[in-house]
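Residue numbers (mature numbering (1 follows the signal peptide of the UniProt record, and there is no 0)): -21 to -1, 1 to 89.
In this text, a Cβ means the ideal position worked out from N, Cα and C, and glycines have one as well.
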């Protein structure tokens, strides 16, 4: 290798390595990282089909708020939850609970 080329490489090597150094940013205290459910989140109380509907609605709304589900998916799930809520209000609690279970399975929820 010619001496000039070696000298140029030797001069540029420290600059290239210096570019790899990072300064640590101080952590923001109290901020919830994106995609993480806040500690204040609580599932609604209740049982039967109305509890199923309220709890799954709270989960899917939280997933939208934390960026874990797209608005388009949230809209589709919310429409299915609305159908289950209507069945529940009409006294068809078993149908409503089955509808919620089917929606959860279809969209990957337990």
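Taking residue i and residue j to be in contact with their CB atoms under 8 Å, please state how far apart those CB atoms are, rounded to whole angstroms.
{"i": "residue 20", "j": "residue 47", "result": "That pair is no contact at about 12 Å."}
{"i": "residue 56", "j": "residue 79", "result": "Contact flag wrong, Cβ pair sits at about 10 Å."}
{"i": "residue 75", "j": "residue 63", "result": "5 Å"}
{"i": "residue 45", "j": "residue 14", "result": "5 Å"}
Kindly list the residues whose CB is nearer than 7 Å to the CB of residue i, restricted to its own chain and excluding five residues on each side of it in sequence; keep chain order.
{"i": "residue 33", "result": "23 and 25"}
If you draw a straight line from the alpha carbon of residue i to that of residue j, how long is it in whole angstroms?
{"i": "residue 77", "j": "residue 28", "result": "9 Å"}
{"i": "residue 30", "j": "residue 50", "result": "24 Å"}
{"i": "residue 35", "j": "residue 17", "result": "17 Å"}
{"i": "residue 69", "j": "residue 59", "result": "15 Å"}
Ordered along the chain, which non-local residues of its own chain (more than five positions away) have a Cβ less than 8 Å from that of residue i?
{"i": "residue 53", "result": "39, 40, 42 and 43"}
task: With a floor of 4 residues, list each alpha helix (DSSP H) that falls wholly inside the region 22 to 82, ordered by position along the chain.
output: 27 to 44 and 50 to 68
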